[in-house]
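Inspection log for the structure reproduced underneath, given as structure tokens.
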Amino acid sequence: MGEPTILLELEGIIKEFSSVRVLDRVSFGIQAGEIMGLIGENGAGKSTLIKIISGIYQKTDGVIRLGGQTTEIPDYITAKKLGIGIVPQEFNLINYLTVYENIFLGSELHKGLLLDKGAMRSEAGAQLKMLKMPLDVNKHVSELSVAEKQMVEIAKAMILDARILIFDEPTTTLTAVEVQTLFDLMRKLKQKGVTMIFVSHKLQEILTICDRVTVLRDGKLVSVDRVEDLTTQTLAKKMVGRDFNQVFPDKIDSTGKPKILEVESLSSGSVIKDISFNLRKGEILGFAGLVGAGRTETMEALMGLRKAEKGSVRIQGKTVKIRSAKDAVAHGLGYISEDRQGKGIVMNYDIPKNISLISLKEKYLKRGLIDKTKEDEASEHYIKEFRIVAASKKSQLRFFSGGNQQKVYLSRWMDTDPSILILDEPTRGIDINSKKEIYEFIHRLAEAEISCIIISSEMEEIIGMCNRVYVMREGRMAGCLEKEQVTEENIVFQATGIKKV
Amino acid sequence: MGENKIVSYFRSFRFKDHSLGMAFIILIVIATFVGWPNFLKVRNLTNILRQISYTGIISLGMTLIIISGGIDLSVGSMAAFVGGISIFFLNLFGPTSTLGIVLTFLFALVLGSACGALNGIMVSKFKMAPFIVTLGTMSIFRSLIQYFSNAGTILSVNMDYGKLGSSMFLGLPIPVWCFIIVGLVLHVVLNHTSFGRYLCATGSNEQVAKYSAINIAIVKFLPYVITGFTVGVTAVMWSSRLNCINPSDCAGYEMDAIAAAVIGGTLMSGGKGSIIGTMMGAVMLGIINNMLVMGGISAFLQQAVKGFVIIVAVLLQYNNSNK
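Protein chains in written order, with the UniProt record's numbering: chain A, 1 to 501; chain B, 1 to 323.
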């Protein structure tokens with residue numbers, strides 16, 4: 001066996017978004033036929049890097065060599081033609097088209113001017129068969145499970161004879177069994193000589209399936225190692241750059257404190273059924289579960305943002321009726337959505353306008369008109385408290401980094417003086433320093449006797465912050481873990497209903 | 001100190017932020033040359049203002065609707081409908097009744113608001129597409145007033161009603177005063193009240209507004225009522241100018257109202273807009289028309305020029321928002 005050939009080589013890749021550098025001189029090579037792991041925290045630059053390779057983003061500087069040739073990848077179509085396929089994290093499938101129509105979307109086969117449906121059906125069928133995927137090509141995508149949709153994405157990426165296949169966090173939405181199926185499939189592809197990039201922040205998975213691992217942190221390359229030389233501990237340290245216990249503040253024990261919120265058999269449509277839980281004063285309560293387990297929906301039903309058919313809510317012992325978000329705010333509830341840009345901040349509003357959005361009528365009206373001086377003073381207070389970094393408080397939020405947007409969003413809810421704050425994926429897509437600041441902030445809240453609920457898909461976050469964790473599965477409450485029971489293994493077990501991977 | 005402020009103002013001055021003001025000034029300069037010396041005569045300027053005031057008043061309400069993410073195509077028909085019905089109402093009072101005129105004014109405002117509320121309920125409560133709803137009511141209002149008038153002119157029997165629309169106050173025609181007053185009030189509403197704040201937030205992202213405990217149904221409903229109110233004002237101004245209403249009057253007002261808002265920088269996709277901008281947009285449309293007339297361009301081409309200006313305005317907006 002001679003020197004392994006480098007199929008894809010990156011040299012000094014730099015990417016800047018409005019002069020913020022998200023990738024800083026990243027260089028490494030991927031050998032033909034290997035599975036290269038790409039790991040890093042949220043905001044480390046993994047997604048940006050693979051988007052550059054697959055032509056979705058353009059690099060600011062640097063060189064990409066494909067098979068030794070300097071290559072420009074100006075768009076997604078070029079990448080496809082070069083044999084680079086991507087299985088995206090969020091599926092780009094069209095629900096009301098069939099499996100084969102989706103597989104050939106954008107690269108349809110023609111017979112004269114018309115589509116050659118017969119050929120597409122049979123080729124899609126052959127492709128699925130070769131990948132050993134038992135799927136009917138005439139089924140509509142809307143009828144498929146998440147794992148099956150992913151198979152369609154893989155087939156779609158492979159139909160053009162992809163040489164390089166990129167998997168962007170493919171296991172986030174899969175159950176443990178489905179992950180095994182995916183890994184089997186990846187091994188099969190490897191035997192066929194397909195080179196793969198596997199993006200994940202799950203250490204164990206990376207070590208199981210990959211040949212080598214590239215670690216990114218804060219947009220910089222940390223290391224490229226063979227998996228044999230790594231353990232989960234050493235990999236975690238490279239990824240975070242410090243030990244976990246430095247990231248999270250001490251846990252707060254609130255056993256025996258009075259219950260401030262009691263929810264009983266809350267149900268909403270088919271998404272959540274009979275959810276009961278309670279929250280103590282000054283507690284940091286965790287909500288764990290897989291994506292789609294109904295955690296967000298539970299909180300939305302509680303906040304009056306989603307119709308609840310059944311269930312009772314008691315706040316400080318008193319039964320309350322919450323029909324709208326306004327009622328919820330009046331009862332001291334606050335909800336920070338996971339979808340910061342879609343449901344959180346107003347992108348074309350500046351800091352003061354964003355912060356005062358909910359508390360406007362209560363705090364900032366003077367004779368019916370908005371008191372802008374008071375508004376400015378309040379936002380200056382929050383800018384200082386949360387260390388929000390902005391060119392000016394009058395700049396629009398769309399120019400801010402994820403971390404700073406999140407801090408403004410937090411400020412808005414803090415300005416409503418909540419007694420219960422629900423944080424849904426509070427650190428998604430923000431850098432490690434802002435993360436740490438948000439953890440410390442939640443800790444300060446709890447110390448000030450404000451109760452918090454954290455919904456998170458990041459296991460370390462839940463385990464690091466919470467003394468008590470509810471686990472949901474498929475719209476139902478799967479169980480409640482306390483103190484020493486709060487371990488990764490127990491959570492996974494309850495979240496999937498499967499004993500051990 | 002004061003001088004430093006001025007210096008720093010000009011240093012941070014970016015043409016991109018003041019493109020509307022620049023366009024306004026340039027347009028006036030061009031019009032001055034093209035229409036020399038008649039353009040700058042007070043009589044001509046007052047005339048321009050009077051001409052644009054009718055659709056201008058409506059464009060102020062329209063601005064709020066567009067900011068909310070909607071559109072109202074029914075304003076022209078609604079103006080004819082409200083104007084016609086108001087004259088029927090006025091004629092109940094006899095030929096010299098001043099009380100009749102006052103009550104008719106109020107009646108038109110209420111009727112206009114009610115017509116607007118009809119659009120608003122369908123958009124906010126029944127969640128129908130504003131374009132379709134108002135396309136429907138546009139047809140309904142026009143058809144009703146044609147039916148009630150037997151397709152003929154509705155004449156006012158009041159001797160004094162005509163004075164309301166044609167007299168001057170402090171050198172400006174009454175409709176122009178209405179335009180200015182409604183504009184100032186809505187400017188304050190948009191920029192200094194919680195409703196205005198909620199309106200922009202809802203237009204920018206309805207989900208964000210909903211998750212921020214804002215009652216989006218009401219926020220999307222009110223702009224239609226306000227626009228109905230402005231239609232009421234225009235209906236009275238227009239019908240009293242001629243002391244009658246033709247069932248085919250005010251056709252195409254929606255076009256001018258939308259154009260003024262768009263030229264004034266209101267985003268068609270919602271979320272951002274300015275009343276002062278719309279007022280300038282309305283005046284600019286008037287100046288362009290005036291210029292074409294004085295330049296001897298065929299009246300048939302005026303609509304084409306207006307259409308061209310709208311397209312350019314949207315194009316500039318689109319390019320700016322993508323930077």
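Heads up, the beta-carbon is just placed ideally off N, CA and C, and yes, glycines get one too.
Query: Coil, strand or helix - V501(A) by DSSP; Result: Note on V501(A): pLDDT 39, under 50, position unreliable in the model; the coordinate value appears next. Coil.
Query: Distance, I180(B) Cα to V110(B) Cα; Result: 20 Å
Query: Alpha carbon of I206(A) to alpha carbon of V20(A), nearest angstrom; Result: 29 Å
Query: Cutoff 8 Å: A391(A) Cβ touching any chain B Cβ; Result: no
Query: Alpha helix (DSSP H) runs contained entirely in the stretch 72-141 of chain A, provided each spans 4 or more residues; Result: 76-81, 99-103 and 117-130
Query: At least three beta-carbon pairs within less than 8 Å, the stretch 366-377 of chain A to the stretch 408-420 of chain A; Result: no
Query: Backbone secondary structure at G485(A) - three-state DSSP; Result: The question names Gly, yet the displayed sequence has Gln at residue 485(A). It is helical.
Query: Residues that K188(A) contacts on chain B, provided the C-beta gap is smaller than 9 Å; Result: Near K188(A) there are no residues of chain B at all, since even the closest Cβ is about 42 Å away, more than 9 Å.
Query: Which listed residue (L285(A), K273(A), N138(A) and I315(A)) has its alpha carbon closest to that of M120(A); Result: N138(A)
Query: Terminal residues of the beta strand (DSSP E) in which Y470(A) lies; Result: R468 to R473
Query: Interfacial residues, the stretch 395-429 of chain A to chain B, with Cβ spacing under 8 Å; Result: R412
Query: Rounded Cβ spacing between Y224(B) and V123(B) (contact assumed at less than 8 Å); Result: 7 Å
Query: Where K318(A) falls: helix, strand or coil (DSSP); Result: strand
Query: Reduced DSSP secondary structure (H/G/I, E/B, other) of M1(B); Result: Note on M1(B): pLDDT 45, under 50, position unreliable in the model; no value is reported.
Query: Three-state secondary structure (DSSP) of A55(B); Result: Checking the displayed sequence, the identity of residue 55(B) turns out to be Thr instead of Ala. If DSSP states are grouped into helix, strand and coil, T55(B) belongs with the helices.
Query: Length-filtered (4 minimum) alpha helix (DSSP H) runs lying within the stretch 323-352 of chain A; Result: 325-330
Query: Three-pair Cβ contact test at 8 Å for the stretch 152-165 of chain B versus the stretch 230-242 of chain B; Result: yes
Query: Minimum Cβ-Cβ distance from M1(B) to chain A less than 8 Å; Result: Interpretation of M1(B) is limited by its pLDDT of 45, a score under 50 that renders its predicted location unreliable; the figure taken from the coordinates is listed afterwards. Cβ-Cβ to chain A under 8 Å: no for M1(B).
Query: Sub-8 Å separation of L357(A) and R412(A) beta-carbons; Result: yes
Query: Local conformation of G228(B) per DSSP, three classes; Result: helix
Query: Range covered by the alpha helix (DSSP H) that runs through L66(A); Result: Element bounds for L66(A): not the alpha helix (DSSP H) but the beta strand (DSSP E), D61 to L66.
Query: Contact with chain B by K363(A), beta-carbon distance below 8 Å; Result: no
Query: Simplified DSSP state of G84(B), which is helix, strand or coil; Result: helix
Query: Contacts around I145(B), its chain only, beta-carbon distance under 7 Å, and the 5 residues preceding and following it disregarded; Result: A80, F81, G84 and P247
Query: Partners in chain B for S337(A), counting only beta-carbon separations shorter than 8 Å; Result: Y211
Query: Reference I197(A), options M133(A), A155(A), E169(A) and S395(A), closest by Cα; Result: E169(A)
Query: G193(A) (DSSP reduced to helix, strand or coil); Result: coil
Query: C-beta contact flag for S74(B) and T153(B) at 8 Å; Result: no
Query: Positions along the stretch 271-294 of chain B whose CB lies within less than 8 Å of some CB in chain A; Result: G271 and K272
Query: Burial state of L285(B) (16 or more Cβ within 10 Å); Result: buried
Query: Start-end ranges of the alpha helix (DSSP H) lying completely within the stretch 86-152 of chain B, minimum 4 residues; Result: 98-120 and 130-148
Query: Helix, strand or coil at I275(B) [DSSP, three-state]; Result: helix
Query: Under 9 Å from the C-beta of H192(B): neighbouring residues of chain A; Result: G368, L369, I370 and K372
Query: Short-range partners of chain A found in the stretch 170-183 of chain B, where Cβ spacing is below 7 Å; Result: none
Query: Distance, I336(A) Cα to K272(B) Cα; Result: 25 Å
Query: Helix, strand or coil at K435(A) according to DSSP, with G and I counted as helix; Result: helix
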